[in-house]
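Enquirer: Protein chains in written order, with the working numbering: chain A, 162 to 392; chain B, 162 to 392.
All residues carry an ideal CB built from backbone N, CA and C; glycine is no exception.
The structure displayed is predicted, hence computed values, not measured ones.
What follows is a single structure, and I will ask about it in a moment.
2 protein chains.
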Amino acid sequence: MPEPQCNIRHHEFRPSPVVALVGRPNSGKTTLLEQLIPELGRLGYRVGTIKHHVHRFEMDRPGKDTWRHKQAGARVVALSSPTGLGVIREVERDSPVEELVARYFADMDLVITEGYKRSALPKIEVYRRAAHPEPLPADDTWVAVVSDTRISETLPHFDLVEVKELAAFLVRHFITPPPENGISLLVDGVAVPLNQFAGNFLRQAISGMVASLKNCGNAREITIHIRNEQE
Amino acid sequence: MPEPQCNIRHHEFRPSPVVALVGRPNSGKTTLLEQLIPELGRLGYRVGTIKHHVHRFEMDRPGKDTWRHKQAGARVVALSSPTGLGVIREVERDSPVEELVARYFADMDLVITEGYKRSALPKIEVYRRAAHPEPLPADDTWVAVVSDTRISETLPHFDLVEVKELAAFLVRHFITPPPENGISLLVDGVAVPLNQFAGNFLRQAISGMVASLKNCGNAREITIHIRNEQE
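Structure follows, in structure tokens:
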């Protein structure tokens, strides 16, 4: 398939690129992800996923110890093992997807969401005519369509079986090598975009201060959390 | 019950205090937690829990979309809703409990673990003679015992039903009001203890630099992540 052009917009600094898989219910988003994730894995990329759920959910298995902790009122419950880590947290509002990516997906090459169709994320619609008479109303955040029928004159189109081609498209447009040096800044939970000068200044100034501490001479990765309740 | 004295050791800076509930299998750790968590909740404290598991585990429910993402090879899978957030992550080694607490429990008043009996955490043993002939071999990290029988001459003892008394003990010895100003520092995944001078210096210097950025004048909470791959 010839590579179609598309207008991927540049976003403010994010630790990992994010693309949203959207589509009407039962359009095949999860089924596509089940093929796309291993394909990106074969190409050597670490993929994380975020499922957006608008209702109350239970992720844990009833009867397990962690489930019992949560039922008893624990606000955060973690299950930690040598191969996996699970953390379930009570929240008071829907988490902005940018915050989730910054907090939990910093070491991923690509994050793919299921849902978030009303966000500003770049979107790929999954559509099957067999399941719905009409696709979603597209806007200028749409970057491609995966479908059993051609629904856009302008957007790149992939058939439902063109998983390798879709993976190559994501690599080309979304996965870029991570910056060798980088800094992310969250202030009161909101990501603050930094231009190159401010980013380098902060990164080098803080790294220099940390380097002056005992046993912190060659820090490759620094995470700092500050609380200023009163000044 | 008269309040027994015990020798709680001071630990390096941690965002939240941690205590480990230990005991032989089937000694009643989870059952005690199910009563202790709501009791601490009634006293107004936010409790988080960590369950240590030495084998492979599955936290999600088979067949769910997030479970399918993980099966397909996603390294990190999140499920986000307005009331809850779940994150499941593939790891390559057992996570140090200090790192889990720093990363995921910074806003909790107390973290209680189930397990980690070989860690340096302060420990409370749960023991029922009905279940086991002998308690665990205690060391100097033991701070109390909850049991149907008195097993220590020196450690504070609580009966299995003395949940209110145990909660009061935890509040008195572990839950302290959070510092009004604080800073935590992780370097290459390891918490770096900071004395008061270094902590205040770093916190004020970084807060000052951030305050000079646009729209960041009154940051109450600052989180910074730095990657220095090459210098």
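Enumerate in chain order the residues of its own chain whose CB-to-CB distance from A:Ala-181 is below 6 Å, with the five nearest sequence positions on each side excluded.
Expert: By one-based count along the first sequence, residue 181 of chain A stands at place 20. Thr-274, Tyr-277, Leu-282, Lys-284, listed in sequence order.
Enquirer: From the DSSP output, in three-state form, read off A:Lys-375 for me.
Expert: Within the first sequence, numbered from 1, the residue matching residue 375 of chain A stands at position 214. The answer is coil: DSSP assigns A:Lys-375 none of H, G, I, E or B.
Enquirer: Evaluate A:Ala-366 with the Cβ neighbour count: other Cβ atoms within 10 Å of its Cβ, from every protein chain shown; 16 or more gives buried, anything less gives exposed.
Expert: Here residue 366 of chain A corresponds to residue number 205 of the first sequence, with the count starting at 1. Label assigned to A:Ala-366: exposed.
Enquirer: Residues of the region 194-210 of chain B in Cβ contact with chain A at a cutoff of 7 Å, in chain order, please.
Expert: Within the region 194-210 of chain B, those residues whose Cβ lies closer than 7 Å to any Cβ of chain A are, in chain order, Leu-194, Glu-195, Ile-198, Pro-199, Gly-202, Arg-207, Val-208, Gly-209, Thr-210.
Enquirer: Which residues does DSSP list as the beta-bridge partners of B:Lys-212?
Expert: Along the second sequence, one-based indexing puts residue 212 of chain B at 51. Looking at the DSSP assignment, B:Lys-212 forms a beta bridge with A:Leu-240, B:Glu-275.
Enquirer: Looking at B:Ile-198: is its Cβ nearer than 7 Å to the Cβ of A:Ile-385?
Expert: To locate residue 198 of chain B, count along the second sequence from 1; it is residue 37. To locate residue 385 of chain A, count along the first sequence from 1; it is residue 224. No, these two residues do not count as a Cβ contact at 7 Å.
Enquirer: Is the beta carbon of B:Leu-201 sitting closer than 7 Å to the one on B:Ala-328?
Expert: As a working note, residue 201 of chain B is residue 40 in the second sequence. As a working note, residue 328 of chain B is residue 167 in the second sequence. Yes; because the gap between Cβ atoms is below 7 Å, this pair is in contact.
Enquirer: Please report the distance separating the alpha-carbon of A:Pro-317 from that of A:Val-304.
Expert: In the first sequence, counting from the first residue as 1, residue 317 of chain A sits at position 156. In the first sequence, counting from the first residue as 1, residue 304 of chain A sits at position 143. Rounded to whole angstroms, the separation of the alpha carbons of A:Val-304 and A:Pro-317 is 7 Å.
Enquirer: Please state whether the Cβ-Cβ distance between A:Leu-261 and B:Ser-256 is less than 7 Å.
Expert: Taking the first residue of the first sequence as position 1, residue 261 of chain A is located at position 100. Taking the first residue of the second sequence as position 1, residue 256 of chain B is located at position 95. Cβ distance not < 7 Å, so A:Leu-261 and B:Ser-256 don't count as in contact.
Enquirer: Run through DSSP, which three-state label would A:Thr-384 get?
Expert: In the first sequence, residue 384 of chain A corresponds to position 223, counting from 1. Looking at A:Thr-384 - three-state DSSP - the assignment turns out to be strand.
Enquirer: Residues in its own chain within less than 6 Å of A:Ala-372 by CB, not counting five upstream and five downstream?
Expert: Position 211 of the first sequence holds residue 372 of chain A. Excluding residues within five positions, the ones whose Cβ falls inside 6 Å are Gly-378.
Enquirer: Report back the beta-carbon spacing between B:Leu-363 and A:Met-370 to the nearest angstrom; my notes put them in contact at under 8 Å.
Expert: Residue 363 of chain B sits at position 202 when you count from the first residue of the second sequence. Residue 370 of chain A sits at position 209 when you count from the first residue of the first sequence. Contact flag correct, Cβ pair sits at about 6 Å.
Enquirer: When you check each C-beta in the region 244-256 of chain B against every C-beta of chain A, which residues fall closer than 7 Å?
Expert: Thr-244, Gly-245, Leu-246, Gly-247, Val-248, Ile-249, Arg-250, Glu-251, Val-252, Arg-254, Asp-255, Ser-256
Enquirer: Can you pull the chain B neighbours of A:Tyr-265, defined as C-beta to C-beta under 8 Å?
Expert: Walking along the first sequence from the start, residue 265 of chain A turns up at place 104. What A:Tyr-265 touches in chain B: Val-237, Ala-239, Val-248, Arg-250.
Enquirer: In chain order, which alpha helix (DSSP H) runs of at least 4 residues are fully inside the region 308-358 of chain A?
Expert: 324-334
Enquirer: Look at the alpha carbon of A:His-230 and the alpha carbon of B:Gly-189, and state the distance between them as a whole number of angstroms.
Expert: Position 69 of the first sequence, counted from the first residue, corresponds to residue 230 of chain A. Position 28 of the second sequence, counted from the first residue, corresponds to residue 189 of chain B. Approximately 13 Å between the Cα atoms of the pair.
Enquirer: By the criterion of Cβ-Cβ separation under 7 Å, what are the contact partners of B:Leu-331 in chain A?
Expert: In the second sequence, counting from the first residue as 1, residue 331 of chain B sits at position 170. Simply none; closest approach about 14 Å.
Enquirer: Looking only at its chain, what residues have a beta carbon closer than 6 Å to the beta carbon of A:Ala-292, apart from the 5 residues adjacent to it on each side?
Expert: Stepping through the first sequence from its first residue, residue 292 of chain A is reached at position 131. Same-chain partners within the cutoff: Asn-187, Ser-188.
Enquirer: On the criterion of 16 or more Cβ atoms from any shown chain inside 10 Å, does B:Glu-286 qualify as buried, or is it exposed?
Expert: Position 125 of the second sequence, counted from the first residue, corresponds to residue 286 of chain B. Under this definition B:Glu-286 is a buried residue.
Enquirer: Taking a Cβ distance cut-off of 7 Å, strictly less, list which residues of the region 362-382 of chain B are near chain A, in chain order.
Expert: The residues in question are Leu-363, Arg-364, Ala-366, Ile-367, Ser-368, Met-370, Val-371, Leu-374, Cys-377, Ala-380, Arg-381, Glu-382.
Enquirer: Closer than 8 Å by beta-carbon distance: list the chain B residues that pair up with A:Asn-389, in chain order.
Expert: Residue numbering aside, residue 389 of chain A sits at position 228 when the first sequence is read from its first letter. Going along chain B in sequence order, the residues near A:Asn-389 (Cβ under 8 Å) are Asn-342, Arg-364, Ser-368, Ala-380, Arg-381, Glu-382, Ile-383.
Enquirer: By how many angstroms is the C-alpha of A:Ile-336 removed from the C-alpha of B:Leu-240?
Expert: If you number the second sequence from 1, residue 240 of chain B lands on position 79. If you number the first sequence from 1, residue 336 of chain A lands on position 175. Distance between the alpha carbons of B:Leu-240 and A:Ile-336 is about 22 Å.
Enquirer: Return the residue from the list A:Arg-185, A:Val-252, A:Thr-210 that minimises the CA-CA distance to A:Arg-217.
Expert: Stepping through the first sequence from its first residue, residue 217 of chain A is reached at position 56. Taking only the C-alpha atoms, the option nearest A:Arg-217 is A:Val-252.
Enquirer: Going by DSSP, what residues sit across from B:Trp-303 in a beta bridge?
Expert: Counting from one through the second sequence, the residue named residue 303 of chain B turns up at place 142. Beta-bridge pairing links B:Trp-303 to B:Lys-284.
Enquirer: For B:Asn-389, name the three-state secondary structure that DSSP assigns.
Expert: The residue labelled residue 389 of chain B in the question sits at position 228 within the second sequence. Strand at B:Asn-389.
Enquirer: Need the endpoints of the beta strand (DSSP E) that B:Ala-181 sits in, please.
Expert: Counted from its first residue, the second sequence places residue 181 of chain B at position 20. Counting along the chain, the beta strand (DSSP E) containing B:Ala-181 begins and ends at 179-183.
Enquirer: At a Cβ threshold of 7 Å, is B:Asp-270 touching chain A?
Expert: Reading the second sequence from its first residue, position 109 is the one you call residue 270 of chain B. Output row for B:Asp-270: interface = no.
Enquirer: Leaving out five residues on either side along the sequence, give the residues of the same chain with a beta carbon under 6 Å from the beta carbon of B:Glu-259.
Expert: By 1-based counting over the second sequence, the position of residue 259 of chain B is 98. Correct list, in chain order: Ala-352.
Enquirer: Quick check: the Cα distance between A:Ile-312 and A:Asn-356, rounded to an integer number of angstroms?
Expert: The residue labelled residue 312 of chain A in the question sits at position 151 within the first sequence. The residue labelled residue 356 of chain A in the question sits at position 195 within the first sequence. Each residue's Cα considered, the two are about 38 Å apart.
Enquirer: Is A:Phe-218 close to chain B, meaning its C-beta is less than 7 Å from at least one C-beta of that chain?
Expert: As a first step, residue 218 of chain A is located in the first sequence; it is residue number 57 there, counting from the start. It does; some Cβ of chain B falls within 7 Å.
Enquirer: What is the C-beta distance between B:Leu-331 and B:Ser-177, in whole angstroms, given that I count them as a contact (C-beta under 8 Å)?
Expert: For this step, residue 331 of chain B is matched to residue 170 along the second sequence. For this step, residue 177 of chain B is matched to residue 16 along the second sequence. Taking a contact as a CB-CB distance under 8 Å, the pair B:Leu-331 and B:Ser-177 does not count as one, their CB atoms being some 12 Å apart.
Enquirer: Do you know how far the Cα of A:Glu-382 is from the Cα of B:Glu-390?
Expert: Here residue 390 of chain B refers to the residue found at position 229 when the second sequence is read from its first residue. Here residue 382 of chain A refers to the residue found at position 221 when the first sequence is read from its first residue. Approximately 8 Å, taken between the alpha carbons.
Enquirer: Could you pull the start and end residues of the alpha helix (DSSP H) that B:Gly-202 belongs to?
Expert: Within the second sequence, the letter at position 41 stands for residue 202 of chain B. Its alpha helix (DSSP H) spans residues 190-203.
Enquirer: Does the beta carbon of A:Arg-308 sit closer than 7 Å to a beta carbon anywhere in chain B?
Expert: By one-based count along the first sequence, residue 308 of chain A stands at place 147. One point to set straight first is that residue 308 of chain A is Ser, not Arg, in the sequence displayed. Not one chain B Cβ lies under 7 Å of A:Ser-308.
Enquirer: Under 7 Å, do A:Thr-210 and B:Val-238 count as touching if we go by C-beta distance?
Expert: Taking the first residue of the first sequence as position 1, residue 210 of chain A is located at position 49. Taking the first residue of the second sequence as position 1, residue 238 of chain B is located at position 77. Yes.
Enquirer: Go to A:Glu-259, then tell me how far its alpha helix (DSSP H) extends in each direction, as first and last residue.
Expert: On the first sequence, position 98 is the one that residue 259 of chain A refers to. Element bounds for A:Glu-259: 258-265.
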